[in-house]
Amino acid sequence: MREDRERMEMLKELQELSFVALEFNLYLDTHPCDRRALAEYNCFTQAYQAAKMRYERMYGPITNFGYAPSQYPWQWIETPWPWQIGSEEDC
Amino acid sequence: MWVYEKKLQYPVRVTRPNPGLAKNIITQYGGPDGELAASLRYLTQRYTMPTGQAIAVLNDIGTEELAHMEIVAALVYGLLQGASIEMIKKAGMDGYYADHDKALYFVNAVGAPWTATYIQSKGDPIADLHENLAAEEKARATYEYLIQLSDDPEVTDVLRFLRQREIVHFQRFGETLDLVQEHLNHRHYFYAP
Numbered sequence: 001m002r003e004d005r006e007r008m009e010m011l012k013e014l015q016e017l018s019f020v021a022l023e024f025n026l027y028l029d030t031h032p033c034d035r036r037a038l039a040e041y042n043c044f045t046q047a048y049q050a051a052k053m054r055y056e057r058m059y060g061p062i063t064n065f066g067y068a069p070s071q072y073p074w075q076w077i078e079t080p081w082p083w084q085i086g087s088e089e090d091c
Numbered sequence: 001m002w003v004y005e006k007k008l009q010y011p012v013r014v015t016r017p018n019p020g021l022a023k024n025i026i027t028q029y030g031g032p033d034g035e036l037a038a039s040l041r042y043l044t045q046r047y048t049m050p051t052g053q054a055i056a057v058l059n060d061i062g063t064e065e066l067a068h069m070e071i072v073a074a075l076v077y078g079l080l081q082g083a084s085i086e087m088i089k090k091a092g093m094d095g096y097y098a099d100h101d102k103a104l105y106f107v108n109a110v111g112a113p114w115t116a117t118y119i120q121s122k123g124d125p126i127a128d129l130h131e132n133l134a135a136e137e138k139a140r141a142t143y144e145y146l147i148q149l150s151d152d153p154e155v156t157d158v159l160r161f162l163r164q165r166e167i168v169h170f171q172r173f174g175e176t177l178d179l180v181q182e183h184l185n186h187r188h189y190f191y192a193p
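Protein chains in written order, with the numbering used here: chain A, 1 to 91; chain B, 1 to 193.
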């Protein structure tokens, strides 16, 4: 149970960091010369990558196709998949 | 190339089955102003955008819409999990159940299947960007209707997030329209050496 709560907290952090990066990305698509926004994007990208690596070391890869390594046996197939997390019946 | 991330863009938590709400929310999966239509519209229009900037906006918003499609699917899936046949019948979702059980399928709120006629790809960037501005407003309006119809605060929270994203996308498309118009106007100037 405790591990579950920790996992959900880490996942939430990932969702927050990647959302900020995405939002700066879209903003930069129409404001490519905004240096402050670019610095924020780079900062949150770094933070997201670090948090993603921390999460993946504990709970397995959230990206495949060469973007994250896997321990043995192949972890990609492990549940829960994202839509199985929020509903009561699964996980 | 796309890379999948094994996480939702925004957390979805559904603790109570509610086929009646699922029946309405599914329109944002496969309806005229839904997330499938949005993602496919932008991702197919991007090829004929005139600038790298406009291509990036369509590429990136189209990609985010795929993530929204997954959020909507997670909502519908969660709301149908654990729903009894009685609840499904009472909600008027028995017709859907006959064809799909509790599987996800691309239909609107009254069961009409998704069609490519929901979207256009005109080759004219001004026309396409205007369509996209309208599409974002129609999606925003749909989320507002769904928020009015929702009787589950956990679901409403997710619908509010999705509604807010439509507003941000509208903003970015508006800026892109200005930039593309500026680009097209500049093309008509000729400089003599």
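All residues carry an ideal CB built from backbone N, CA and C; glycine is no exception.
No experiment lies behind these values; they were computed from the predicted model shown.
Residue i to residue j, Cα distance in whole Å?
| i | j | result |
| --- | --- | --- |
| A:M10 | B:K7 | 11 Å |
| A:N64 | B:T176 | 32 Å |
| A:E16 | A:R54 | 15 Å |
| B:A73 | B:G174 | 28 Å |
| B:A109 | B:G62 | 23 Å |
| A:P32 | B:R16 | 44 Å |
| B:M87 | B:L66 | 30 Å |
Just the chain A side, please: which residues come within less than 9 Å of residue i by C-beta, in chain order?
| i | result |
| --- | --- |
| B:Q9 | Q15, S18, F19, L22 |
| B:D60 | L22, N25, L26, D29 |
| B:A141 | Result: empty, since nearest Cβ-Cβ is about 21 Å, beyond 9 Å. |
| B:R13 | I85, G86, S87 |
| B:T176 | D29, T30 |
| B:K138 | Within chain A, no residue comes near B:K138; the closest Cβ sits about 20 Å away, beyond 9 Å. |
Can you pull the chain A neighbours of residue i, defined as C-beta to C-beta under 8 Å?
| i | result |
| --- | --- |
| B:T172 | This sequence places Arg at residue 172 of chain B; Thr is not what is there. By Cβ distance, chain A contributes L26, Y27, D29, T30. |
| B:V168 | E23, L26 |
Could you give the residue range of the alpha helix (DSSP H) that holds residue i?
| i | result |
| --- | --- |
| B:G31 | Here B:G31 belongs to no alpha helix (DSSP H), and DSSP marks it neither H nor E. |
| B:F173 | 153 to 186 |
| B:F106 | First-last for B:F106: undefined, no H or E at that position. |
| B:G62 | 52 to 80 |
| A:Q46 | 35 to 59 |
| A:Q84 | 82 to 85 |
Which residues in chain A have a C-beta closer than 7 Å to the C-beta of residue i? List them in chain order.
| i | result |
| --- | --- |
| B:L179 | T30 |
| B:V3 | T63, F65, Y67 |
Can you pull the chain B residues whose beta carbon is under 7 Å from the beta carbon of residue i, in chain order?
| i | result |
| --- | --- |
| A:T79 | The premise fails here: A:T79 is roughly 10 Å from chain B at the closest Cβ pair, so nothing lies under 7 Å. |
If contact is defined by three or more beta carbon pairs under 8 Å, each pair taking one atom from either stretch, is the segment 134 to 149 of chain B in contact with the segment 31 to 47 of chain B? yes
At a Cβ cut of 8 Å, what residues of the segment 15 to 28 of chain B count as close to chain A, listed as they run along the chain? T15
Contacting positions in the segment 54 to 81 of chain B - beta carbon closer than 8 Å to chain A: A56, V57, D60, I61, E64, E70, A73, A74, Y77, G78, Q81
Counting pairs of Cβ atoms below 8 Å between the segment 78 to 87 of chain B and the segment 12 to 27 of chain B, do you hit three or more? yes
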